[in-house]
Amino acid sequence: MSHEICERLREQGLPLQPKLVEMLDEHASHRTDRRGCGYTQATRFLSTYVNRPVSAEDPGDLDVFADWPLRETGYLAAILVAAGWQAGWRRLDDAPADLLERLPQHADVREALRGLGGRLGAAASGLERVESRLFVALLRQVVERSAANADSVAPMACKPEIGSCSQAEEFFLELAHGRVRRGGSVNVVVGSTGIPLMIEKMNLGESHSAIVLEPLALAGVELPPGSLCALAHATAASGTPTANGICMPIAAIEAARFLRLTTLAVAPSDRRRAFSAQFEAQIRARMLSPASTTLDDLRMFARHEAARAR
27 MSHEICERLR EQGLPLQPKL VEMLDEHASH RTDRRGCGYT QATRFLSTYV NRPVSAEDPG
87 DLDVFADWPL RETGYLAAIL VAAGWQAGWR RLDDAPADLL ERLPQHADVR EALRGLGGRL
147 GAAASGLERV ESRLFVALLR QVVERSAANA DSVAPMACKP EIGSCSQAEE FFLELAHGRV
207 RRGGSVNVVV GSTGIPLMIE KMNLGESHSA IVLEPLALAG VELPPGSLCA LAHATAASGT
267 PTANGICMPI AAIEAARFLR LTTLAVAPSD RRRAFSAQFE AQIRARMLSP ASTTLDDLRM
327 FARHEAARAR
């Protein structure tokens, strides 16, 4: 049976790329020790769109759909920008009606773009699973680039050496229970209100790998808690020492790159279904409490670290 994400989007006339459908449908090739599971792979696939430079005229983000008319969208976007709609092809449902009426070119594409947000919203409203809603919300953010209220960080221009291995959760599960392996350290990145936004591990597996604890804007996309990111520190970055690392402001992060969603992005009761083979591998590997640890455990550790900054 096809994944409900694929079904609901297809019903709205928005079929996904075949490779992405294959991932969401948990094809065996995407269920390996390194890849994790199909759902994990699907969030990796979507990360390439999240991390793209935002463009009002380049319709490349719409390539996530199987048969979107990209060339016609690019032509229309250039006309829209020249006519004064700086968002280009994005968010046309918010564009002034009189502006759109003066642009008869590519009317079919124009109307498809005007209805895109509504169709994505309709697809989301028909989803039953929390992991499906997370994925479609992230997809809609990629299309609309409308994150406004969250603290933000600049996107990385180039892909870093830091990977998105399915074993990254092992260290964060340990941190959630206050365990920092010898030789490792932990940085807490706090937002404008002083609340920890991310927790970054150093010398624990790959350094500069972080989990998002609160919504964070990256290239106009609001990343949900539980997102795995690679971080780059600003050259003059500084912070305050803590018991196990450094507490630093969001301004100390020069750039970030979204890598994938972690199993911590959903509640323990949803993990076996959402992350299937990857979650089962965590159990077999005897990782520390993957079936009960929550993001709140990780948040509590981060808050204690930040409170002990001296």
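Each residue of the sequence shown is one higher than the last, beginning at 27 in our numbering. All residues carry an ideal CB built from backbone N, CA and C; glycine is no exception. Predicted model only: the values in this text are computed from it and were never measured.
- With contact defined as three or more Cβ pairs closer than 8 Å, the stretch 133-141 and the stretch 176-187 are not in contact.
- By the neighbour-count criterion, in which a residue is buried when 16 or more other Cβ atoms sit within 10 angstroms of its Cβ, SER264 is exposed.
- Counting along the chain, the unbroken alpha helix (DSSP H) around GLU98 starts and ends at 96-108.
- No Cβ-Cβ contact shorter than 8 Å links ILE221 with LEU324.
- In its chain, beyond the 5 residues on either side, GLU83 have a beta carbon closer than 6 Å to the beta carbon of ALA104.
- Excluding five sequence positions before and after ALA278, the CB atoms of its chain that fall closer than 8 Å to its own CB belong to VAL215, HIS259, ALA260, ALA263, SER264 and GLY265, given in chain order.
- A residue is called buried once 16 or more other Cβ atoms fall within 10 Å of its Cβ, and PRO85 is buried on that count.
- Taken atom to atom, the span from the alpha-carbon of ALA281 to that of LEU244 is near 9 Å.
- For GLY64, no beta strand (DSSP E) segment is defined; the enclosing uninterrupted segment is the alpha helix (DSSP H) at 64-76.
- DSSP places MET27 in the coil class of the three-state scheme, outside both helix and strand.
- Contact between PHE301 and SER73 is ruled out by a C-beta separation of about 16 Å, above the 8 Å threshold.
- Proximity to ARG128 across TYR65, CYS191 and ALA109 peaks at ALA109, based on C-alpha coordinates.
- Taking C-alpha positions only, ALA333 is separated from HIS29 by approximately 43 Å.
- Shown here, VAL156 sits in a helix according to DSSP, grouped into three states.
- In this structure, DSSP gives HIS203 a state outside helix and strand, which the three-state scheme calls coil.
- Here CYS63 has ARG57, PHE301, SER302, ALA303 and GLN304 as same chain residues with Cβ atoms under 6 Å from its own Cβ, once five neighbours each way along the sequence are excluded.
- Put simply, of GLN43, GLU154 and ALA121 the residue whose alpha carbon is nearest the alpha carbon of ASP296 is GLU154.
- About 20 Å separates the CB atoms of MET228 and GLY217; that is not less than 8 Å, and the two are not in contact.
- With contacts defined as CB atoms closer than 8 Å, HIS234 and ILE188 qualify as a contacting pair.
- In the three-state reduction of the DSSP assignment, ALA258 falls in the strand class.
- A Cβ-Cβ contact shorter than 8 Å links LEU321 with LEU290.
- Taking 8 Å as the cut-off, the Cβ atoms of PRO41 and ASP119 do not count as close.
- Cβ-Cβ distances below 6 Å link THR319 to LEU199 and ALA202 in the same chain, with the five nearest sequence neighbours on each side left out; the list follows chain order.
- Counting along the chain, the unbroken alpha helix (DSSP H) around GLY147 starts and ends at 142-151.
- With 16 or more other CB atoms across the displayed protein chains lying within 10 angstroms of its CB, ASP87 is buried.
- The beta carbon of LEU257 lies closer than 6 Å to those of GLU226, HIS234, ALA236, ILE279 and ALA282 in the same chain, with the five residues before and after it left out.
- About 37 Å separates the beta carbons of GLN131 and LEU160, which is beyond the 8 Å limit, so they are not a contact pair.
- In the displayed model, LEU42 falls within a strand according to three-state DSSP.
- DSSP lists ASN213 and ALA236 as the beta-bridge partner residues of GLU226.
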